[in-house]
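To start, the structure under review is shown below, and the notes come after it.
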Amino acid sequence: LAQKTEKDLVGYLLKNYDRRIRPTKYWNSSMTITIQIHLYSLIDVDEVSEQLTLLLWIPQSWKDEYLVWNEDEWEGISKINIPAEYIWIPDGTIFNIVDVKEILSLSQTYARITSHGQVEVDFNKLVSIRCPMDVRNFPFDLQFCKIQFGSWGFQLHQLTHNVKSAVIIPETSENSEWQIESFSSKKVQTAYESSQGDNINEYEEIIYTIVLRRKPLYYIVVLLIPTYLIVSISIIGLFIPHSADGEREEKVSFGLTTLLTMTVVLGMVTGEMPKSSIGLPLLGQYVLIETGVSIFAIILSAVILICNERALNHCKPPPVWIQGLFHANVKNRKDPLCQPLLTKEKDYQRSASDQLGLTFAIRTLIEYYDEQRERDFNKNLWHRLFAFVDLISMLILLILNTFLTFYTFFPFIF
2 LAQKTEKDLV
12 GYLLKNYDRR
22 IRPTKYWNSS
32 MTITIQIHLY
42 SLIDVDEVSE
52 QLTLLLWIPQ
62 SWKDEYLVWN
72 EDEWEGISKI
82 NIPAEYIWIP
92 DGTIFNIVDV
102 KEILSLSQTY
112 ARITSHGQVE
122 VDFNKLVSIR
132 CPMDVRNFPF
142 DLQFCKIQFG
152 SWGFQLHQLT
162 HNVKSAVIIP
172 ETSENSEWQI
182 ESFSSKKVQT
192 AYESSQGDNI
202 NEYEEIIYTI
212 VLRRKPLYYI
222 VVLLIPTYLI
232 VSISIIGLFI
242 PHSADGEREE
252 KVSFGLTTLL
262 TMTVVLGMVT
272 GEMPKSSIGL
282 PLLGQYVLIE
292 TGVSIFAIIL
302 SAVILICNER
312 ALNHCKPPPV
322 WIQGLFHANV
332 KNRKDPLCQP
342 LLTKEKDYQR
352 SASDQLGLTF
362 AIRTLIEYYD
372 EQRERDFNKN
382 LWHRLFAFVD
392 LISMLILLIL
402 NTFLTFYTFF
412 PFIF
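To convert, note that position 62 of the sequence shown is 63 in this note's numbering; the numbers rise steadily by one, no gaps.
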């Protein structure tokens, strides 16, 4: 007798095989598909379009009652490999899929078949699934993405699943922006009304849940810290004099430049996020808070500027409490610049009998310089007052800015 080969065995098994029907000998019997999804790689997370791109390895196995042979009759052949396109394949489908790319076609995918009819096939798919994003805690957000898997055409009494624990392949699943926290699965039964409305069709679905945690370092370094520093520097710039004599020009312009910067940063944040009515991202809220701090600082600086200008233009002496605050006395002050001129005034009075005209001129000059010194003294006192107000305002706003920053992100960082 001629030796039987694997080719002969495959021809024997597929001679009357029909891949269009379930491989069960009894129409009312149920098939069980054993499945275990491996997350091979997290390719991309698109927050704007709310899509998740994954590379999945999906091994499946089942019993094919028509692919059974006696090993003794076939030279002890216990296992064969044939292209999966020649046998029945489960119609397992990801329901919330947006796009799919088969890494290998069925002609390139081989099924491993044992003599007892046990079939194993590994499917490799590049899939994009719909994943609604909750970005309210961005960039410290946690995303829950679901993969809804099940048979498209076979009902519960025809096909069920034996689900093994989902697997994450750590060597290849790493992503630069996201950390995979967990990958779990559960089975659910769903019922749909038939198109005729006279029957309820029950199906079994497998819900895989992928939990992703964003790695926030990039956004902390590129957006959060620069925003805090820009506002802090703008506060310092708004409340320090721009010259030695206390001039306060260009402060409002400097503050408006800061507001423009905040607008650009806010645009960068919102451009990365989906347009959702759930709420503004945490980082976007922080940018708005910083914008509010900048606006308040500009208004406060403008009010101080107006008060300073009014005080100087009206030439009014500072109130007594201000003089006491700076240990100054407008009426009885000791100004070293005044002492030499007063001494000269007494000398001129001794010779007033023979130099009345000269004495009058000198007295007028002395009074003029006294008034000028009085104005300069008052002006300097006002400058000291508003410089003190600027310092206090700057410290309060810097503390407020730092407090708001820590209050906003403290639950997520610490």
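In this text, a Cβ means the ideal position worked out from N, Cα and C, and glycines have one as well.
None of the values given here were measured: they were computed from a predicted structure.
- Going by C-alpha positions, Phe407 is about 15 Å away from Ile397.
- By the beta-carbon neighbour count (other beta carbons within 10 angstroms, threshold 16), Tyr27 is exposed.
- The DSSP-derived three-state label of Tyr18 is coil.
- Counted as a single uninterrupted DSSP element, the stretch harbouring Arg137 is not any beta strand (DSSP E), since DSSP gives it neither H nor E.
- Judged by DSSP in its simplified three-state form, His158 adopts coil rather than helix or strand.
- In this chain, the beta strand (DSSP E) harbouring Tyr209 covers 201–215.
- The Cβ-Cβ distance between Ile83 and Ile44 does not fall below 9 Å.
- Contact check for Phe297 against Asp391 fails: the beta carbons are separated by 9 Å or more.
- Taking C-beta atoms as the reference points, Ile90 and Leu68 fail to come closer than 9 Å.
- Contact between the region 128–138 and the region 179–188 is absent: fewer than 3 CB-CB pairs across the two stretches fall below 8 Å.
- In this structure, the alpha-carbon of Asn17 lies about 15 Å from that of Glu86.
- Closest option to Thr94, judged by alpha-carbon separation, among His158, Trp75, Ile38: Ile38.
- With a contact defined as Cβ atoms closer than 8 Å, Val122 and Gln61 qualify at about 6 Å.
- Of the candidates Arg21, Phe124, Gln190, Phe155, Phe155 places its Cα closest to the Cα of Asn29.
- Minimum Cα-Cα distance from His117 among the listed residues Asn71, Asp100, Ser302 corresponds to Asn71.
- By a beta-carbon distance limit of 8 Å, Gly151 contacts Glu206. Their separation comes to about 4 Å.
- Sorting Leu127, Lys64, Thr33 by C-alpha distance to the C-alpha of Leu55 places Leu127 at the top.
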